[in-house]
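**Student:** My questions will all concern the structure given below.
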DNA sequence: CAATGAATAATTTGATCATATTCTGGCTCT
DNA sequence: AGAGCCAGAATATGATCAAATTATTCATTG
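Residue numbers (our numbering), protein chains in the order written: chain Y, 544 to 765; chain W, 544 to 765.
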């Protein structure tokens, strides 16, 4: 068991992760078409792995299959956004509560370090870094909650609003981005699960309502 | 435009649906291995469509990828079951509440008819029919709620406990299966959304706790 | 005569399959 | 029991066929 020269992941897994990140961090715009042949070219892989990655992302709601045989990045409706808000408003606090009951001091340090990085990204106006770090912060929280099924559900929601989030943040700049993480980390330190859950709930609401407002604005101007 | 000889669905979609039903209604036992070549033989399709169907089901949590290149039907742990109970206890009542606000009289008749069929299946001890009708009843409710994302989440949970549910019901017989549907239908008729939500919550708890108890028993005897 | 529209041709893209290659797991032999 | 070999299954590629969208042409009309 060297652990060093371990086999690399299969191609379809790599393609999946690349495409997933592109959706999650808004490299693909909402409504944009995704073609198999386009990806075989741009990612330099055969069609079988690409097909599998696309099917997976469709199943997760990250991509949309359009009746005919076209695939695209979903364009959210106002109702969709409301649903996402409702779902996250329940899932995220629930997971934060569980995480507070289970978190170790090492993990708290880890989360704190991530939040420092996050602040740095906001300060530098680095949108991509903000999106990535913010996601990883929440994702780490899901893991600590030790509820793999609920974590899967919460994780899947990010894929659905990722593209829209990028658009919204691109318009508003990185200054007034939500970050209630400090409240939450303090609550976790104090082992006050209820307060941690409340803090996360506010973080979620603040971020998601921004998406909703931005959507309503763009709907009005169009 | 005859509309008669419309094009049949693509093979990968057909394979997906067949496999999905097999998982959902317990034709595949928990822990059972699922091989690509086995399916190409038994379903008479090429490997590409089979691969795509399997990836999709893995993404939905209906199948499990086991590190190496093996795939199997997931074996639930006690913690997994607790998570599923928590998730359904929130999702199903929420969707029932929305459905009550939107349901038409025709749809109520439709649900009532399904429940009659369900009673018939229970009376005849037809387990497969019970599982299928019970699923379709809840699924129809999800559709009526007009919340596609939340419905997707709820729908995905069925795939996770489908195999275990079959095992449990097989052990207990069809007599004391949960069916709080009559309470719920009455509440929907009266447009009492809160009561409908409570009824569904009891239905869910009753069914899922049975799974949990059965799991604990089998864990104790093993 | 210019412009619009339908019908058809051409190109692009998706779906499926057959085949080659690689890796895992079991079995045997020492 | 441990190392190496063998069988079988999964991964990945490219070719082939089918479908859909786009481009083009021609006829008809104002």
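For every residue, glycine included, the Cβ atom is placed at its ideal position computed from N, Cα and C. Remember, it's a predicted structure, so these values are computed and weren't measured experimentally.
(1) Out of Y:628, Y:621, Y:594 and Y:623, point me to the one whose CA is closest to residue 612 (chain Y)'s CA.
(2) Could you pull out every unbroken alpha helix (DSSP H) segment of at least 4 residues lying fully inside the region 581-617 of chain W, listed in chain order?
(3) What is the rounded straight-line gap between the Cα of residue 650 (chain W) and the Cα of residue 571 (chain Y)?
(4) Sorted by chain position, which residues of the same chain lie with C-beta nearer than 8 Å to residue 645 (chain W)'s C-beta, five sequence neighbours on each side aside?
(5) For residue 627 (chain W), which residues in chain Y fall below 7 Å Cβ to Cβ?
(6) Among the candidates Y:754, Y:741 and Y:758, whose CA atom is the shortest distance from the CA of residue 632 (chain Y)?
(7) Please tell me whether residue 701 (chain Y) has its Cβ less than 7 Å away from any Cβ of chain W.
(8) Determine which residues of the region 633-659 of chain Y have a Cβ less than 9 Å from any Cβ of chain W, and write them out in chain order.
(9) Can you tell me where the alpha helix (DSSP H) holding residue 682 (chain Y) begins and where it ends?
(10) Might you give, ordered along the chain, the residues of its own chain that have their beta carbon closer than 6 Å to the beta carbon of residue 640 (chain W), omitting 5 neighbours on each side?
(11) Are residue 706 (chain W) and residue 573 (chain W) closer than 7 Å when you measure CB to CB?
(12) Restricting to Cα atoms, I'd like to know which of W:754, W:759 and W:680 is closest to residue 628 (chain W).
(13) Express the C-alpha separation of residue 596 (chain Y) and residue 608 (chain Y) in angstroms, rounding to a whole number.
(14) Taking all protein chains shown into account, decide if residue 731 (chain Y) is buried (16 or more other Cβ within 10 angstroms of its Cβ) or exposed.
(15) Which bits of chain Y does residue 602 (chain W) rub up against, with CB to CB less than 7 Å?
(16) What distance in whole Å lies between the Cβ atoms of residue 568 (chain W) and residue 671 (chain W), which are believed to be in contact at a cut-off of 8 Å?
(17) Who are the Cβ neighbours of residue 630 (chain W) in its own chain at under 7 Å, not counting the five residues just before and after it?
(18) Report the rounded CA-to-CA distance for residue 599 (chain Y) versus residue 600 (chain W), giving the unit in angstroms.
(19) Give me the Cα-Cα distance between residue 558 (chain Y) and residue 675 (chain Y), rounded to the nearest whole angstrom.
(20) Can you name the residues of chain W whose CB is closer than 9 Å to the CB of residue 752 (chain Y)?
(21) How would you call residue 565 (chain Y), buried or exposed, if buried means at least 16 neighbouring beta carbons within 10 angstroms?
(22) Taking just the CA atoms, how far does residue 713 (chain Y) sit from residue 626 (chain W)?
(23) Residues bridged to residue 711 (chain Y) by DSSP?
(24) So who's on the other strand from residue 576 (chain Y), going by DSSP bridges?
(25) For residue 584 (chain W), which residues of its own chain have a beta-carbon under 6 Å away from its beta-carbon, when the five flanking residues on both sides are left out?
(26) Going along the chain, which residues of its own chain have a beta-carbon closer than 6 Å to the beta-carbon of residue 544 (chain W), five neighbours each way excluded?
(27) Measuring only between beta-carbons, confirm whether residue 696 (chain Y) sits less than 7 Å from chain W.
(28) With DSSP collapsed to three states, give me the class of residue 571 (chain W).
**Tutor:** Short version:
(1) By one-based count along the first chain, residue 612 (chain Y) stands at place 69. Residue Y:594 is the option with its Cα nearest to residue 612 (chain Y).
(2) As far as the region 581-617 of chain W is concerned, its whole alpha helix (DSSP H) runs of at least 4 residues are 590-602.
(3) Counted from its first residue, the second chain places residue 650 (chain W) at position 107. Counted from its first residue, the first chain places residue 571 (chain Y) at position 28. Counting only the Cα atoms, residue 571 (chain Y) lies some 39 Å from residue 650 (chain W).
(4) For the purposes of this step, residue 645 (chain W) is taken as the residue at position 102 of the second chain. Closer than 8 Å at the Cβ level, and outside the excluded window around residue 645 (chain W), lie 687, 688 and 689.
(5) Position 84 of the second chain, counted from the first residue, corresponds to residue 627 (chain W). What residue 627 (chain W) touches in chain Y: 692.
(6) Indexing the first chain from 1 puts residue 632 (chain Y) at position 89. Residue Y:741 holds the alpha-carbon nearest to the alpha-carbon of residue 632 (chain Y) among Y:754, Y:741 and Y:758.
(7) Stepping through the first chain from its first residue, residue 701 (chain Y) is reached at position 158. Not flagged as an interface residue toward chain W: residue 701 (chain Y), since no C-beta distance is shorter than 7 Å.
(8) Listed in sequence order: 633, 634 and 637.
(9) To locate residue 682 (chain Y), count along the first chain from 1; it is residue 139. Residue range 670-687 is occupied by the alpha helix (DSSP H) that includes residue 682 (chain Y).
(10) For the purposes of this step, residue 640 (chain W) is taken as residue 97 along the second chain, with counting starting at 1. Same-chain partners within the cutoff: 736 and 740.
(11) Taking the second chain and counting its residues from 1, the one referred to as residue 706 (chain W) is at position 163. Taking the second chain and counting its residues from 1, the one referred to as residue 573 (chain W) is at position 30. Here residue 706 (chain W) is near residue 573 (chain W), since their CB atoms are less than 7 Å apart.
(12) Here residue 628 (chain W) refers to the residue found at position 85 of the second chain. From the listed residues W:754, W:759 and W:680, the smallest Cα separation to residue 628 (chain W) is found for W:754.
(13) Translated into positions along the first chain, residue 608 (chain Y) becomes position 65. Translated into positions along the first chain, residue 596 (chain Y) becomes position 53. Going by the C-alpha atoms only, they are around 13 Å apart.
(14) Locating residue 731 (chain Y) in the first chain gives position 188, where the first residue counts as 1. Within 10 angstroms of the beta-carbon of residue 731 (chain Y) lie 16 or more other beta-carbons, which makes it buried.
(15) Taking the second chain and counting its residues from 1, one reaches residue 602 (chain W) at position 59. Residues of chain Y with a Cβ closer than 7 Å to the Cβ of residue 602 (chain W) are, in chain order, 599, 602 and 603.
(16) Here residue 671 (chain W) refers to the residue found at position 128 when the second chain is read from its first residue. Here residue 568 (chain W) refers to the residue found at position 25 when the second chain is read from its first residue. Going by Cβ atoms, the distance from residue 671 (chain W) to residue 568 (chain W) rounds to 6 Å, so yes, they are a contact pair.
(17) In the second chain, the residue the question calls residue 630 (chain W) occupies position 87. Counting only Cβ-Cβ distances below 7 Å, and skipping sequence neighbours, we find 700.
(18) The residue given as residue 599 (chain Y) occupies position 56 in the first chain. The residue given as residue 600 (chain W) occupies position 57 in the second chain. Residue 600 (chain W) has its alpha-carbon roughly 8 Å from the corresponding atom of residue 599 (chain Y).
(19) Working through the first chain from its first residue, we reach residue 558 (chain Y) at position 15. Working through the first chain from its first residue, we reach residue 675 (chain Y) at position 132. When rounded, the distance between both Cα atoms is 18 Å.
(20) As a working mapping, residue 752 (chain Y) is identified with position 209 in the first chain. Per Cβ cutoff of 9 Å: no residues; residue 752 (chain Y) is ~17 Å from chain W at best.
(21) Position 22 of the first chain, counted from the first residue, corresponds to residue 565 (chain Y). Result: buried.
(22) For this step, residue 626 (chain W) is matched to residue 83 along the second chain. For this step, residue 713 (chain Y) is matched to residue 170 along the first chain. Answer to the nearest angstrom: the Cα atoms are 36 Å apart.
(23) The sequence position of residue 711 (chain Y) within the first chain is 168, counting from 1. In the DSSP output, where bridge partners are listed per residue, residue 711 (chain Y) has none listed.
(24) The count along the first chain starts at 1 and reaches residue 576 (chain Y) at position 33. Looking at the DSSP assignment, residue 576 (chain Y) forms a beta bridge with Y:615.
(25) As a position in the second chain, residue 584 (chain W) is number 41, starting the count at 1. Listed in chain order, the non-local C-beta contacts of residue 584 (chain W) below 6 Å within the same chain number zero, local neighbours out to five positions each way being set aside.
(26) By one-based count along the second chain, residue 544 (chain W) stands at place 1. With a pLDDT of only 34 at residue 544 (chain W), under the threshold of 50, the placement of this residue in the model should not be trusted, and no figure is reported.
(27) For this step, residue 696 (chain Y) is matched to residue 153 along the first chain. Cβ-Cβ to chain W under 7 Å: yes for residue 696 (chain Y).
(28) Counting from 1 along the second chain, the entry for residue 571 (chain W) is found at position 28. Shown here, residue 571 (chain W) sits in coil according to DSSP, grouped into three states, outside any helix or strand.
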